[in-house]
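Participant: Residue numbers 43 to 185, in our numbering, belong to the letters of the sequence shown in order.
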Amino acid sequence: MFLGGGSENNGMKVSQPLLDEIVTRLDQEGVTVKMHAIGDGAVRSVIDAIAKVRRNNGVVGPTHSIAHASFIAPVDLKRMADMNLSVDISPYSLFRAPMIEEIAISVGMSKRTIYTLHDEKSALFRTHKRDSLGGANVIHARR
Numbered sequence: 043m044f045l046g047g048g049s050e051n052n053g054m055k056v057s058q059p060l061l062d063e064i065v066t067r068l069d070q071e072g073v074t075v076k077m078h079a080i081g082d083g084a085v086r087s088v089i090d091a092i093a094k095v096r097r098n099n100g101v102v103g104p105t106h107s108i109a110h111a112s113f114i115a116p117v118d119l120k121r122m123a124d125m126n127l128s129v130d131i132s133p134y135s136l137f138r139a140p141m142i143e144e145i146a147i148s149v150g151m152s153k154r155t156i157y158t159l160h161d162e163k164s165a166l167f168r169t170h171k172r173d174s175l176g177g178a179n180v181i182h183a184r185r
């Protein structure tokens, strides 16, 4: 789901109020929630739900998680910092590849600016080709 529409915007499977309620209740029970979100709109909906949970239940609950998170708006990167939130980014999307480029093109040039994994100035990660332990691509969080 992309903010303002966009390529193949299928929308949310549940309403925002229902998502907020479910995540809040599970957080109260100590259950970690992992939500799959592709597109800046979907990522924002998950962040909004977790922000509401943190306001209502406090920050010292389970570490919830967003899977995939291919597009993240810069303002949402800042919001995530204080939420006790984990973001699992599909490793394949960290490297330039035809499929990844096609996705970036299909969602439009304006969205490419928030494809933060490939923007050197705001990238979440640095990648190093071929480590000394067998030629793997090594990825580490950028500070």
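A virtual CB, placed ideally from N, CA and C, is assigned to each residue, including glycine.
Please read all numbers here as calculations on a predicted model, not as lab measurements.
1) Exposed or buried, D161, counting other C-beta atoms within 10 Å across all chains shown (16 or more means buried)?
2) Does the Cβ-Cβ distance between V95 and D62 come in under 9 Å?
3) Grab the span of the beta strand (DSSP E) containing I108 for me, first residue to last.
4) When burial is assigned at 16 or more other CB atoms within 10 Å of the CB, is V75 buried or exposed?
5) How is S57 classed by DSSP in three states: helix, strand or coil?
6) How big is the Cα-Cα spacing for Q58 and V101?
7) Put G176 into one of helix, strand or coil per three-state DSSP.
8) According to DSSP, is D130 part of a helix, a strand, or is it coil?
9) Quick one: complete beta strand (DSSP E) runs, 3+ long, within the segment 67-123?
10) Is any heavy atom in the ligand SAH found nearer than 8 Å to the beta carbon of V56?
11) Please report how far the alpha carbon of R121 lies from the alpha carbon of E144, in whole angstroms.
12) Which class does D62 belong to by DSSP, given the choice of helix, strand or coil?
Facilitator: Judging by the given coordinates:
1) Unreliable placement is indicated for D161, whose pLDDT of 47 sits below 50; the coordinate value is still reported in the next sentence. By the neighbour-count rule (16 or more Cβ atoms within 10 Å), D161 is not buried but exposed.
2) yes
3) H106 to H110
4) It counts as buried.
5) Coil.
6) 20 Å
7) With a pLDDT of only 45 at G176, under the threshold of 50, the placement of this residue in the model should not be trusted, and no figure is reported.
8) DSSP places D130 in strand when its eight states are reduced to three.
9) 76-79 and 106-110
10) Among the components modelled here there is no ligand, and therefore nothing to report on the ligand SAH.
11) 28 Å
12) helix
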